[in-house]
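Note sheet for the following structure.
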Amino acid sequence: MSWRYGDQTAVHGLPIGATQRAAVGDAVRAGDVIAAGTTCGSSVRIAAARTLGVAPQDLGRVMRVPPGAEVERGAIIARTGRRFARAVSAPFEGRLVHVRADGDLEFAPIVDRWSVRATLDGLVTASTEASITVVGRAWALQGVAGYGPDAIGELAVAVDGPGDELPPSRVDVRQRDRILVGGGRSGPEAIARAHACGVAAVVAGAVPAAGLRVMYGDDVSAHGDPTRGDVPTVLCLLGFGSGPLPVSIFAPLVALAGARASIHTASARLFAFAPPDACAVDLRMPALALVADWAAVRPLDWPAALSGEIAFPSEIAAPAVGTPDGPIPAANVLPFSADRG
Amino acid sequence: MSVATATGLAATVDVAHEASVRRIGGRIDGADLRVVIGAPLRLAIFAGREPARLAAARAAALGACADVVATFVADARVSFVDLAATLRDARPDAVLVVAGAGDPGGVIDLVEALRGGCAGQPQPPALLVVADEPVRARIARSAAPLRVEAIAGRSGAQAHDAIVGRLREIRRGGEDVVLRDEAIESAARCLAGATARITLVVDVSGASTSLVLATESSVVLAAHTRLGVGSGADRIVARAGLERVRRWIPRAIDAPALLERVFNRARWPDAIPPSALTLAIEMSLAREAIAQLLREAERAGLAVGSLRGAAAIVCTGELARFPRPAQTVIATIDAIGPLGTLLVSRERPDALVAAGALGSRSSETVGVTVEPLALVATLWPRRPTSVTVTDGTGTVEERVARGALFLVKTSGPVELATGGASERATADALALGVVVDARGRPLELPLRDAERLPALGRWYAALATLPSEGVAS
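Residue numbers (our numbering), protein chains in the order written: chain X, 2 to 342; chain D, 941 to 1413.
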């Protein structure tokens, strides 16, 4: 979970209806459009093979436009014969979305267009109808959960300290297209305001879970919710509720402020595009503790020391770690880089 | 209570939890068997128009502990584009098609949408088809290039077993492991066989929940889901609703504060509840995981009523590891809502799961030891009645009125007689005692906090459930 500079891989899922996409080997920069396509309305079914009198498997031979093509109303989609021709034409302006196994066609009107942007500077290593994979070198910070669409922008620190909460008053339109670092906690008011001001994304130690429900719906989960709609992009680095950032995480964020950056929400990672020596990373990462009745995550800025087995108020007896606020179960203390599922 | 003796098996089993592994057995260099939750399996269901087909598909998904990410019926009036987009976003690992002779048209529309939405994926889903040969052939023609697998089995039960077997194979990912749900089923069979009782095993772990009812000869009902008190906790909230979880907590906690704690727990593998509040949250999550699984089983047409009539309930996983026996007992009876008189027991940490894993790989009798906790008598008397409890210290008679919940602590072997019935329930020494539950079925909680909290406080206090600071404070 800590800062790391090196090769990164990001898989970008595509909606259906891609009309163009980057090819394997293409060099891309974060923010470049790597795929574009159309959003289609309800499709109509056109009996093509039966109308033309050909076997379904022979339909491809007589088609004049390939599957996926956009055509004008009345355009010939498939045709047979010369003197006594039989043809299938487009009933309206739209897109040939699918050729069925029985030789019928699904044809749909175009209602919108979409594009998918790269979140890494690098090379396209795989390109299919469903996803495009980009590999490139960048600074990367792994969070616990990402929400909303991928985001690209300039990294900016909007708080004074690693434990501060991002106040809504610190967010305005001057931060448009930036990725804001929101300290130990960013509430839904600040995130909603940031989204309204055109801020690309908010990165914070923690976000109140109830706020996530307000923004992303009641079925939002603790495991992230990458979406494509017009909703804010949020990256939780430590957990939910409140989570003061360790200095060893916050300091590189400050050092990288001004650099191009991106958030890949599906993998909950922040990428920053800067030279390898742009910041110094403290390799001694603090452990993280789940404290305050599970309502917050805190970095332990001192070496965690086991204090033997004790009985907690819940009457569970377990090995404990001593902290200034009292002992906490050792199981509730994890290395910063631990896999948290 | 030792219900069987191991004969020749001295294997060591590793039982995986969220992030840790507990070794059961003597070896220190490695284990003979591994019990794992298994990879999550995202399953889409395409069902024929008959409701029974949809129910059968859902039952198979529950039997295999699959996450159902999309469900469509053959006559779904959804456009091709919407279907394809939904299936693309759902990213199913497998698609279960259950169709009859009259369904091919509708099902083929769904399969075409699947092809349109998912054929381009790096790992396109496999189609598991339960249908007669002509229907299957038509589906296969529409599905290419997707892989179609015919599910064998003439009867519904055979097909169910075949689907469950295949889906479990996918979850194992080619590894030589025993899935936790398999182990639980095997353990239930072993227990029912050894005790000659219809036994319900209730397993709630961090990432999964299982209900398995077994008789001496076979598993009657098995339902598994990826809801749990750990990494599966946020799924309980998403599926059942936050309010259902909150209603069981015997102290005032607002919804945002609870959600925070549930989300943090979901992302903290093997976390321990240090306080009475967090323990109450974990108990509440366990209750709702079981209750939600019961609701899903009912929707799948499984005979949920038979679970409530089991003569014995054995709790495993996190449910069995609450510090006080009363916590395990009250969470279980609140969630299941059992009828009649039954014995509630719990496993020693992971012992039953390990024994079940051994039993699933061997025809030998496997030794299983469980700890009896309480005899639970569920009553709903028209007029006040009495229960008579006889144990090592003598006989106690208690009056029972509607709405009552109380505990009679016992020592040594116990005999329980309810009302004027001549039938008596007996048990060996119980860790908790006899619990008399006359709260009625289904158990209803008041909606308003002002009424609900005192009611919960009374119930918790009756069984001395939580440490004193946690009760209705």
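A virtual CB, placed ideally from N, CA and C, is assigned to each residue, including glycine. Bear in mind the structure is a predicted one, so any value in this text is a computation, not a measurement.
Contact of A1243 of chain D with chain X is not assigned, every C-beta pair being separated by 8 Å or more. Of all alpha-carbon atoms in X:L271, X:D340 and X:W140, the one lying nearest the alpha-carbon of D278 of chain X is that of X:W140.
In this structure, the straight-line span from the alpha carbon of V1038 of chain D to that of R998 of chain D is close to 10 Å.
In the structure shown, Q21 of chain X adopts extended strand secondary structure according to DSSP, grouped into three states. A direct Cα-to-Cα measurement between L156 of chain X and G185 of chain X gives close to 16 Å. For V45 of chain X, the CB contacts under 7 Å within the same chain, skipping 5 residues up- and downstream, are P92 and F108 in chain order. Taking every protein chain shown into account, the CB of A210 of chain X has 16 or more other CB atoms within 10 angstroms, so this residue is buried. For the pair of segments examined, the region 1367-1377 of chain D was found not to touch the region 1158-1170 of chain D: the number of CB pairs separated by less than 8 Å stays below three. When CB distances to chain D are screened at a threshold of 8 Å, the residues of the region 90-106 of chain X falling below it are V98, H99, R101, A102 and D103, in chain order. Inclusion of G7 of chain X and R138 of chain X in the CB contact set at 8 Å is warranted, their separation being smaller than that value. A direct Cα-to-Cα measurement between R1379 of chain D and L1345 of chain D gives close to 7 Å. Residue burial annotation: D59 of chain X is exposed, with fewer than 16 other C-beta atoms found within 10 angstroms of its C-beta. Residue environment: F241 of chain X is assigned as buried (16 or more neighbouring CB atoms within 10 Å of its CB, all protein chains considered). Assigned with DSSP and collapsed to three states, P300 of chain X falls in strand. Looking at D:E1391, D:N1204 and D:K1349, the one whose alpha-carbon comes closest to that of L1403 of chain D is D:K1349. Per DSSP, the continuous alpha helix (DSSP H) segment holding Q1232 of chain D begins and ends at A1216 to R1239. Under the Cβ criterion (8 Å, minimum of three pairs), the region 126-137 of chain X counts as touching the region 13-29 of chain X.
For F241 of chain X, the chain D residues whose Cβ falls inside 7 Å of its Cβ are E1200, F1203 and N1204, in order along the chain.
Only residues of its own chain outside the window of five on either side were considered, and among them G185 and P245 have a CB closer than 6 Å to the CB of G164 of chain X, listed in chain order. If you compare the alpha carbons of D:R1342, D:L1219, D:E1073 and D:L1151 with that of A1317 of chain D, the shortest gap goes to D:R1342. Apart from sequence neighbours up to five positions away, the residues of its chain that approach T81 of chain X with a beta-carbon distance below 8 Å are L53, G54, V55, V63, R87 and A88, ordered along the chain.
Rounded to whole angstroms, the separation of the alpha carbons of A31 of chain X and D122 of chain X is 5 Å. Within the region 1015-1032 of chain D, contact with chain X at the beta-carbon level (separation under 7 Å) is assigned to S1019, F1020, V1021, A1024, A1025 and R1028.
The Cβ of R1207 of chain D sits closer than 8 Å to at least one Cβ of chain X.
At least one C-beta of chain D is nearer than 8 Å to the C-beta of C41 of chain X. A direct Cα-Cα distance of roughly 24 Å separates L1292 of chain D from G1352 of chain D. Not a single C-beta of chain D is nearer than 8 Å to the C-beta of W115 of chain X.
CA-CA distance, V1009 of chain D to G1332 of chain D, rounds to 54 Å. A straight-line Cα-Cα distance of about 29 Å links V1354 of chain D and V1159 of chain D.
Taking C-beta atoms under 8 Å as the contact rule, A1271 of chain D and R1227 of chain D qualify, at a distance of about 5 Å. E190 of chain X has a beta carbon lying at 8 Å or more from every beta carbon in chain D. Taking C-beta atoms under 8 Å as the contact rule, P1321 of chain D and G1359 of chain D qualify, at a distance of about 7 Å. Residues P16, W115 and P150 of the same chain have their beta carbon placed closer than 8 Å to that of R229 of chain X, with the five preceding and five following residues left out of the count.
For R967 of chain D, there is no enclosing beta strand (DSSP E), since its DSSP letter is neither H nor E. Proximity to A1252 of chain D across D:E1238, D:I1276, D:L1225 and D:A1006 peaks at D:I1276, based on C-alpha coordinates.
With distances taken between CA atoms, A1084 of chain D lies nearest to D:A1066 out of D:P1074, D:A1092, D:A1066 and D:V1070.
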